[in-house]
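Q: After the structure tokens below, expect a handful of questions from me.
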Amino acid sequence: MHNAHAQAAGMGGIRAGGDLVARMQMTRGMRLKEAKEYVAGKLGVTPFDLSDPAVMTEVRSELGFGRIHSYAISQPAQANLIEAKFNIGRVLDIRINCVEKFKERAGLQ
Amino acid sequence: METAIPTRMGDGSIARMARSELRADIEDGVAQAVRRAKVEPLAADEQEHLLDIYASPARFVGVDLGDEVVLSCDGTGMKTHATRAQDMQSYEQWMGADLLELCPGDYSLKVIRTILPYEAQCLHDALLATIAPMQYGIMPNLGLYAKDDGPCENWSTLLPEGRIAEARAASEQAAEMAVSDAVRMADAMWEAGADAIDFDTTGASGDPEFWATLRVTEIIRRKYPEMGVQLGMAGEFVLGMHGELEYDGKRLAGMWPRQQLEVVQKAGATMYGPVVNVNTGRSCAWNMARALTLVKPCMEIAEIPVHMNVGMGVGAVPMFVHPPGDAACRAAKACVDILGLDGL
């Protein structure tokens, strides 16, 4: 069922930019249009591009936002997981709770 | 003679219906919603589009390119594949999940009282190993606070005995306990790094449960301004198990989706999930027509994202343990195309 919804209407999560738009909805209460425009503006792409893996894979690589990885497409020198969230928070100009806690607990601030 | 189109009933079984029969079902579904909730019917062009979606013989349909929406993905961390943290990783890496949710297997608020540190630790560690925003999800499930499962008198047994005042007092006592537990949970999850809390199936125990969840939402908003709160409902109509509870001067019992959204927004939630339950004896087209008509008034007043529930047994997705993909994708397309939802 999840796959059907994801293919029929989803933004693709980290395959594209769905997680970024979701973050603005979830933590800032932005409606879809506003959230897509906000993220697209920060990334220098169009709202249409945010659901396109062909565009967003490159954007995510450039900005260190983390990507789908497997043995065939490993990127060990790129930011991923919590590292990627540091970059996402900086580029989207938002505080991400777990990133702030990480800084505090790792003595980075 | 009209062609018989394969379509689905609300229980997931295949039914073969002519286009004219599907049209009649859609008109009846709209009419049922209008009559019960006193809302406006779907416009003629909206009903025609809905008919095109459900009369399509295609195995799979989808929204137009560029019209994609965010998927709430509740229950992604529930040991479907491996450990809960690994589940969320696989949803993120393989399933294109836009957000992630860690949740206890029971999914009820009360059961995490004694395992809260463990749950928070699990969330903390999972946050280090994922990218997508992550919420902690539970059902308020106020019924577990009533005897024999909990300490409060059981309002469901008191009501049939005509002991109305005692039933109301018991549900209010349970609501107070749920508020206390939920705030403690939010404190722990915020400290662990959570992005949001998801209150799922809110109102399953009627207006006392909705009342408790709205009050918790208000407290979370005040304590943690950047913490998301997703408030999803249990049904289209708030049952009056108490009957006199109000929020912001509005009686909660009897609220339909638009009125629910008004108080949800007032409480400070960041996402709202309307629910319309499936009638298993009617077609998916009938169920979707009814669901869209009930939820459409929300979209006129929405200030926060509206993520309609389209899981098993709600939002015209069949009440079957493995909902057929052809029914799920039609539900997704109909909701996005006709309501302009913010997510599913």
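The listed protein sequences derive, respectively, from chains U and D. For the first sequence, this note's numbering begins at -15 and goes up steadily by one. For the second sequence, this note's numbering begins at 78 and goes up steadily by one. Backbone N, C-alpha and C fix where the C-beta goes; we use that ideal spot for every residue, glycine too.
1. Along the alpha helix (DSSP H) that carries residue 241 (chain D), what are the first and last residues, could you check?
2. According to DSSP, which residues form a beta bridge with residue 229 (chain D)?
3. From D:407, D:88, D:416, D:142, pick the residue whose C-alpha is nearest to that of residue 37 (chain U); which is it?
4. Let's see if you can read the secondary structure: which residues bound the alpha helix (DSSP H) around residue 72 (chain U)?
5. Would you kindly check if the distance between the Cβ of residue 355 (chain D) and the Cβ of residue 140 (chain D) is under 8 Å?
6. Would you check if the distance between the CB atom of residue 387 (chain D) and the CB atom of residue 376 (chain D) is smaller than 8 Å?
7. Which of the three DSSP states, helix, strand or coil, is assigned to residue 383 (chain D)?
8. Which residue wins for smallest C-alpha separation from residue 353 (chain D), given the options D:101, D:104, D:109, D:92?
9. In terms of alpha-carbon separation, which member of D:154, D:379, D:401, D:308 lies closest to residue 389 (chain D)?
10. Would you kindly report the start and end of the unbroken alpha helix (DSSP H) that includes residue 83 (chain D)?
11. Is it the case that the segment 189 to 204 of chain D contacts the segment 13 to 22 of chain U, given that we only count it when at least three CB pairs across the two stretches are under 8 Å?
12. What does DSSP give as the partner residues of residue 422 (chain D) in its beta bridges?
13. Output needed for residue 381 (chain D): all residues of its chain with C-beta closer than 7 Å, excluding positions within five of it in sequence on either side, in chain order.
14. Since residue 52 (chain U) contacts residue -1 (chain U) with CB under 8 Å, what's their CB separation in whole angstroms?
15. Could you compute how far the alpha carbon of residue 358 (chain D) sits from the alpha carbon of residue 368 (chain D)?
16. Among D:255, D:230, D:336, D:252, which one has its Cα closest to the Cα of residue 244 (chain D)?
17. Go ahead and pull the three-state DSSP assignment for residue 356 (chain D).
18. Just verifying my parser: in three-state terms, what is the DSSP assignment at residue 417 (chain D)?
19. Examine chain U for any beta-carbon lying closer than 8 Å to the beta-carbon of residue 264 (chain D), and answer yes or no.
20. What number of angstroms, rounded off, separates the C-alpha of residue 304 (chain D) from the C-alpha of residue 80 (chain D)?
21. Cα-Cα, which of D:219, D:273, D:263 is closest to residue 282 (chain D)?
22. Spell out whether any CB of chain D is found under 8 Å from the CB atom of residue -9 (chain U).
23. For the 8 Å Cβ check, are there 3 or more pairs between the segment 63 to 81 of chain U and the segment 326 to 340 of chain D?
24. Please list the partners that residue 406 (chain D) has in chain U, where partner means a Cβ-to-Cβ separation under 9 Å.
25. Could you name the residues of chain D that residue 70 (chain U) contacts, counting a contact when the two beta carbons are closer than 9 Å?
26. Spell out the partners DSSP gives residue 116 (chain D) in its beta bridges.
27. At which residues does the alpha helix (DSSP H) containing residue 25 (chain U) begin and terminate?
28. Quick one: residues in its chain with C-beta nearer than 8 Å to the C-beta of residue 256 (chain D), no 5 flanking neighbours on either side, listed in chain order?
29. With distance defined between alpha-carbon atoms, name the residue in D:268, D:394, D:391 nearest to residue 89 (chain U).
30. Compare the beta carbon distance of residue 70 (chain D) and residue 365 (chain D) with 8 Å and say whether it is the shorter of the two.
31. Any residues in the segment 1 to 16 of chain U with a beta carbon nearer than 8 Å to a beta carbon of chain D? Which ones, in chain order?
32. I need the boundaries of the beta strand (DSSP E) containing residue 93 (chain D), first residue and last residue.
A: Taking the geometry as given:
1. For the purposes of this step, residue 241 (chain D) is identified with residue 164 of the second sequence, where counting begins at 1. Start and end: 241 to 269.
2. The residue labelled residue 229 (chain D) in the question sits at position 152 within the second sequence. In the DSSP output, where bridge partners are listed per residue, residue 229 (chain D) has D:223.
3. Residue 37 (chain U) sits at position 53 when you count from the first residue of the first sequence. Selected option, being the one with the closest Cα: D:142.
4. In the first sequence, the residue the question calls residue 72 (chain U) occupies position 88. That run of the alpha helix (DSSP H) goes 65 to 76.
5. On the second sequence, residue 140 (chain D) is found 63 positions in, with the first residue counted as 1. On the second sequence, residue 355 (chain D) is found 278 positions in, with the first residue counted as 1. Not a contact, by the Cβ cut-off of 8 Å.
6. Translated into the one-based positions of the second sequence, residue 387 (chain D) becomes position 310. Translated into the one-based positions of the second sequence, residue 376 (chain D) becomes position 299. For residue 387 (chain D) and residue 376 (chain D), no; Cβs fall outside 8 Å.
7. To locate residue 383 (chain D), count along the second sequence from 1; it is residue 306. Reduced to three states, the DSSP call for residue 383 (chain D) is strand.
8. For the purposes of this step, residue 353 (chain D) is taken as residue 276 along the second sequence, with counting starting at 1. Comparing Cα-Cα distances from residue 353 (chain D) to each of D:101, D:104, D:109, D:92, the minimum goes to D:109.
9. Residue mapping note: residue 389 (chain D) aligns to position 312 of the second sequence, counting from 1. When each option's Cα is compared against that of residue 389 (chain D), the closest is D:401.
10. On the second sequence, position 6 is the one that residue 83 (chain D) refers to. Careful: residue 83 (chain D) lies outside any alpha helix (DSSP H), inside the beta strand (DSSP E) at 82 to 85.
11. no
12. Absent from the model: residue 422 (chain D). The displayed extent of chain D is 78 to 421, so no value can be given.
13. Position 304 of the second sequence, counted from the start, is the residue given in the question as residue 381 (chain D). Around residue 381 (chain D): 342, 346, 347, 348, 349.
14. Sequence index remark: in the first sequence, residue 52 (chain U) carries index 68 (1-based). Sequence index remark: in the first sequence, residue -1 (chain U) carries index 15 (1-based). Correct: roughly 6 Å between the Cβ atoms.
15. Along the second sequence, read from residue 1 onward, the residue named residue 358 (chain D) stands at position 281. Along the second sequence, read from residue 1 onward, the residue named residue 368 (chain D) stands at position 291. Near 15 Å, if we compare the C-alpha coordinates of residue 368 (chain D) and residue 358 (chain D).
16. Stepping through the second sequence from its first residue, residue 244 (chain D) is reached at position 167. Nearest of D:255, D:230, D:336, D:252 to residue 244 (chain D), Cα basis: D:230.
17. Here the question's residue 356 (chain D) lines up with position 279 in the second sequence. Note: residue 356 (chain D) maps to coil in three-state DSSP.
18. Indexing the second sequence from 1 puts residue 417 (chain D) at position 340. The answer is coil: DSSP assigns residue 417 (chain D) none of H, G, I, E or B.
19. Taking the first residue of the second sequence as position 1, residue 264 (chain D) is located at position 187. No - not a single Cβ of chain U is within 8 Å of the one on residue 264 (chain D).
20. For the purposes of this step, residue 304 (chain D) is taken as the residue at position 227 of the second sequence. For the purposes of this step, residue 80 (chain D) is taken as the residue at position 3 of the second sequence. Each residue's Cα considered, the two are about 52 Å apart.
21. Position 205 of the second sequence holds residue 282 (chain D). The shortest C-alpha separation from residue 282 (chain D) is found at D:219.
22. On the first sequence, position 7 is the one that residue -9 (chain U) refers to. Output row for residue -9 (chain U): interface = yes.
23. no
24. As a position in the second sequence, residue 406 (chain D) is number 329, starting the count at 1. Those within 9 Å of residue 406 (chain D) in chain U are -12, -11, -9, -8, -7.
25. Numbered from 1 along the first sequence, position 86 holds the residue referred to as residue 70 (chain U). Simply none; closest approach about 11 Å.
26. For this step, residue 116 (chain D) is matched to residue 39 along the second sequence. Paired residue(s): none; residue 116 (chain D) is not in a bridge.
27. Residue numbering aside, residue 25 (chain U) sits at position 41 when the first sequence is read from its first letter. Looking at the DSSP string, the run of the alpha helix (DSSP H) that includes residue 25 (chain U) is 16 to 27.
28. Sequence index remark: in the second sequence, residue 256 (chain D) carries index 179 (1-based). Around residue 256 (chain D): 289, 292, 293, 296.
29. Your numbering for residue 89 (chain U) matches position 105 in the first sequence. Closest by alpha carbon: D:268.
30. Summary: the structure shown does not reach residue 70 (chain D), with chain D confined to residues 78 through 421, and so no result is reported for it.
31. 2, 3, 5, 6, 7, 9, 10, 11, 12, 13, 14, 15, 16
32. Mapped onto the second sequence, residue 93 (chain D) falls at position 16. 91 to 94 is the extent of the beta strand (DSSP E) around residue 93 (chain D).
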